[in-house]
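One structure is given here, and the rest of the page talks about it.
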Amino acid sequence: MTLQSRNEYRSSPRKIAVYNTLGSEKVALDPLDQAASNPEIKMYVCGLTPQEHSHIGHGLMSVRFDIVRRYLAYRRLRVNFVMNVTDIEDKIIARVLATGQDPLVMTRGYTDEFYACLATLKTLPVEKITRVTEFVPQIIRFIEGLISKGFAYITPEGNVYFDVSKKEDYGKLSNQNTSMLFESVRKELDKQKRSPLDFALWKRDESTKLSQPSPWGIGRPGWHIECSAMIHEVLGDHIDIHGGGLDLKFPHHENEIAQSEAFSGGCFANIWMHSGLLNIGGQKMSKSLNNFIVLSEGLENYGAALLRFVIARQHYRSSIDLTDKLFRDNLNALLDFHRLFARLSGLESAQPDTASPECQAVIEAFEAAMDNDFNSPEALVALEKFRSEIAQRLDSGKAGPADVGGQAKLLLELGHILGLFFYPLEHVEAEGLRVNARILGAEPLSREDVHRLMQERMDVRAAKNFARSDEIRNELAARGVEILDSKAGSTFRFA
Ligand SMILES: [Zn+2]
Numbered sequence: 089m090t091l092q093s094r095n096e097y098r099s100s101p102r103k104i105a106v107y108n109t110l111g112s113e114k115v116a117l118d119p120l121d122q123a124a125s126n127p128e129i130k131m132y133v134c135g136l137t138p139q140e141h142s143h144i145g146h147g148l149m150s151v152r153f154d155i156v157r158r159y160l161a162y163r164r165l166r167v168n169f170v171m172n173v174t175d176i177e178d179k180i181i182a183r184v185l186a187t188g189q190d191p192l193v194m195t196r197g198y199t200d201e202f203y204a205c206l207a208t209l210k211t212l213p214v215e216k217i218t219r220v221t222e223f224v225p226q227i228i229r230f231i232e233g234l235i236s237k238g239f240a241y242i243t244p245e246g247n248v249y250f251d252v253s254k255k256e257d258y259g260k261l262s263n264q265n266t267s268m269l270f271e272s273v274r275k276e277l278d279k280q281k282r283s284p285l286d287f288a289l290w291k292r293d294e295s296t297k298l299s300q301p302s303p304w305g306i307g308r309p310g311w312h313i314e315c316s317a318m319i320h321e322v323l324g325d326h327i328d329i330h331g332g333g334l335d336l337k338f339p340h341h342e343n344e345i346a347q348s349e350a351f352s353g354g355c356f357a358n359i360w361m362h363s364g365l366l367n368i369g370g371q372k373m374s375k376s377l378n379n380f381i382v383l384s385e386g387l388e389n390y391g392a393a394l395l396r397f398v399i400a401r402q403h404y405r406s407s408i409d410l411t412d413k414l415f416r417d418n419l420n421a422l423l424d425f426h427r428l429f430a431r432l433s434g435l436e437s438a439q440p441d442t443a444s445p446e447c448q449a450v451i452e453a454f455e456a457a458m459d460n461d462f463n464s465p466e467a468l469v470a471l472e473k474f475r476s477e478i479a480q481r482l483d484s485g486k487a488g489p490a491d492v493g494g495q496a497k498l499l500l501e502l503g504h505i506l507g508l509f510f511y512p513l514e515h516v517e518a519e520g521l522r523v524n525a526r527i528l529g530a531e532p533l534s535r536e537d538v539h540r541l542m543q544e545r546m547d548v549r550a551a552k553n554f555a556r557s558d559e560i561r562n563e564l565a566a567r568g569v570e571i572l573d574s575k576a577g578s579t580f581r582f583a
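The following block contains the structure:
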């Protein structure tokens, strides 16, 4: 990222406020690392369980935390971002037993596919991906630690459970106390559990090659302990930010806190961040409702640039309802940015203007929004206003390309901090035409088709053949594409 933080222009540097699910309030992000410059932020986000193709919800969460991470880096924090792959888990074992696939080949394949999609979405690579299959000995040691501290017990069958009654503050993340929870849990079948709230740390199981020997017999770890133990190994006992989808708050994150704080005796994560839920067409995404979108298909249907733009226009904590209308409504706004950048040749080598009063104002508005719990929609409002001002100055002739290059470069770089504007105009136009045609159920038009028709229209108008000119306009309009004429030439929008 080339643009440096503008911290140095502030008389009193503002801290980034982050909504902490634990305590349900915004708190200042104070790095655990006390280094005077470039302090490290230890950040862990629960990632993929690769038992099938990743879905668009995985893409949503990854993009949201990528925005967080990009902004922290812009604010000169050294983000040590770890994401896991839960490649040993009940659903994976069920799938392997049902299909006869090799579990390692299956999970590797789905994981690679997921990261290829993230590359298309231009998320920055995380510092470390932890795979459960590579941490089983460490997980076993972590469980042994919990047993020796009296927080876990072994059953005669060789299962190990966490004893929830030993952890007095259990339920603090999801604001539930154990008596409330007792009423909500169904009585489980395992008679060896001391309480129905107790959860498995180790499960006796010899059904697949994912199982390994342990002091309690051949088996495999439970889901929750995997994250706690891997965080302990790669980031330590106390981290700055723990994130994940809101659906993981209970029981997964509650159980992670209980285990990790029982193990270390201290605080586990200073801030718990949760990404809001995903709906498709007003309903929860599910296979039974027939609205399940596999991530690679979502990228094909909506385009990576547009999907990121739509995601950035909603706050990460709010739930998002993806509809065709939402995507189509955002096409023109995204294209407006790319058209401005394309008008200004040499933008790549231009220096951003960070000193003029109007640019200072944009930087301040952008940072104020992002400092307030990563409010990307508000930050984008500031960028859209600035884009429109630059375009108006160019359109009116009050400024030439050379006058606004530094401003546009600033706009481009601030957009990059939200993960936007990495693709060229040609790519975004082509994607937009594809998305538009698919949503309208119209015959797809290529970018070349549209530009050829616009050129033909200019030619026939020059020859005063207005009938053909209207015909072309109507032909495009029938496919949701509207021609706009200006002094600079014709361009198109989505009607
Ligand atoms: Zn986790």
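Numbering (this note's numbering), first residue to last: 89 to 583.
Just so it is clear, CB atoms sit at the ideal spot from N, CA and C, and this is done for glycine as well.
Item to check | Local conformation of Cys68 per DSSP, three classes | outcome: This structure cannot settle anything about residue 68, because the visible part of the chain is limited to 89 through 583.
Checklist entry - Hey, quick one: how far does the beta strand (DSSP E) through Asp417 stretch, first residue to last? => result That residue, Asp417, is in no beta strand (DSSP E); its alpha helix (DSSP H) goes 412 to 431.
Checklist entry - Exposed or buried, what is Lys575 when buried is set at 16 or more other beta-carbons lying within 10 Å of its beta-carbon? => result exposed
Checklist entry - Looking at the unbroken beta strand (DSSP E) that takes in Pro309, where does it start and where does it end? => result 307 to 309
Item to check | Proximity to Gly527 [Cα-Cα], best of Asp178, Gly386, Arg163 | outcome: Per the sequence presented here, residue 527 reads as Ile, with Gly not at that position. Nearest of Asp178, Gly386, Arg163 to Ile527, Cα basis: Gly386.
Next on the checklist: Output needed for Glu140: all residues of its chain with C-beta closer than 8 angstroms, excluding positions within five of it in sequence on either side, in chain order.
Outcome noted: Arg183, Tyr198
Next on the checklist: Quick check on Arg401: does DSSP put it in helix, strand or coil?
Outcome noted: coil
Next on the checklist: Shorter than 7 angstroms, the distance from the beta carbon of Gly625 to the closest heavy atom of ligand 1, or not?
Outcome noted: Outside the shown range of the chain, which is 89 to 583, sits residue 625, and nothing can be said about it.
Checklist entry - Over what stretch of residues does the alpha helix (DSSP H) that includes Asn524 continue unbroken? => result 513 to 528
Checklist entry - Should the region 155 to 169 be regarded as contacting the region 339 to 356, the criterion being three or more beta carbon pairs within less than 8 angstroms? => result Here the region 155 to 169 makes no contact with the region 339 to 356; the two share fewer than three CB pairs at distances below 8 angstroms.
Item to check | Closest Cα partner of Gln122 within the set Glu436, Arg166, Arg567 | outcome: Arg166
Item to check | Under the three-state DSSP convention, the category Phe580 falls into | outcome: strand
Next on the checklist: Counting beta carbon pairs with one atom in the region 458 to 470 and one in the region 106 to 125, are three or more of them shorter than 8 angstroms?
Outcome noted: yes
Checklist entry - Would you call the region 214 to 228 and the region 321 to 328 in contact, with 3 or more CB pairs under 8 angstroms? => result yes
Item to check | Through-space distance from Ser384 to Glu517, alpha-carbon basis | outcome: 20 angstroms
Checklist entry - Around ligand 1, which residues pass a check of Cβ closer than 5 angstroms to any of its heavy atoms? => result Cys134, Cys315
Item to check | Anticipated Cβ contact below 8 angstroms, Ser299 with Asp293, distance rounded | outcome: 5 angstroms
Next on the checklist: I need the straight-line Cα distance from Ile327 to Ile129, nearest angstrom please.
Outcome noted: 8 angstroms
Next on the checklist: Based on DSSP bridge pairs, tell me the residues matched to Thr218.
Outcome noted: Asn172.
Item to check | DSSP state of Ala470 mapped onto helix, strand, coil | outcome: When DSSP states are grouped into helix, strand and coil, Ala470 belongs to the helix group.
Next on the checklist: Within the continuous beta strand (DSSP E) that includes Ala456, where are the two ends?
Outcome noted: Careful: Ala456 lies outside any beta strand (DSSP E), inside the alpha helix (DSSP H) at 445 to 459.
Next on the checklist: Taking the straight line between their C-alpha atoms, what separation do you get for Leu502 and Leu192?
Outcome noted: 40 angstroms
Item to check | Through-space distance from Gly520 to Met149, alpha-carbon basis | outcome: 23 angstroms
Next on the checklist: What does the Cβ neighbour count give for Asn402, buried or exposed, with the cut at 16 atoms within 10 Å?
Outcome noted: At residue 402 the sequence reads Gln, which differs from the Asn that was named. Under this definition Gln402 is a buried residue.
Item to check | Residues bridged to Arg292 (per DSSP) | outcome: Gly307
Item to check | Check whether Phe223 and Ala288 have beta carbons under 8 angstroms apart | outcome: no
Checklist entry - Would you say the region 430 to 445 touches the region 387 to 402, given that touching needs at least three Cβ pairs under 8 angstroms? => result no
Checklist entry - What are the boundary residues of the beta strand (DSSP E) that includes Met131? => result 128 to 136
Item to check | Gly324 - containing beta strand (DSSP E), residue span | outcome: No beta strand (DSSP E) holds Gly324; DSSP gives it neither H nor E.
Checklist entry - In whole angstroms, what is the alpha-carbon distance linking Phe509 and Ala438? => result 16 angstroms
Checklist entry - To which residues of the same chain is Tyr97 closer than 6 angstroms at the C-beta, ignoring the five residues directly before and after it? => result Low local confidence applies: a pLDDT of 46 at Tyr97 is under 50, so the model's placement there is unreliable, with the coordinate-based value given in what follows. The answer is none, since no qualifying residue turns up.
Checklist entry - Does DSSP put His312 in a helix, a strand or coil? => result helix
Next on the checklist: Restricting to Cα atoms, I'd like to know which of Phe582, Lys337, Asp175, Tyr258 is closest to Phe415.
Outcome noted: Phe582
Next on the checklist: Which same chain residues end up closer than 7 angstroms to Met546 when comparing Cβ atoms and leaving out the 5 residues on each side of it in sequence?
Outcome noted: Residues Ser578 of the same chain have their beta carbon placed closer than 7 angstroms to that of Met546, with the five preceding and five following residues left out of the count.
Item to check | Exposed unless 16 or more other CB atoms sit within 10 angstroms - verdict on Asp175 | outcome: By the 10 Å Cβ count, Asp175 comes out buried.
Item to check | Close Cβ partners of Ser253 (< 7 angstroms) along its chain, the five nearest in sequence each way excluded | outcome: Ser283
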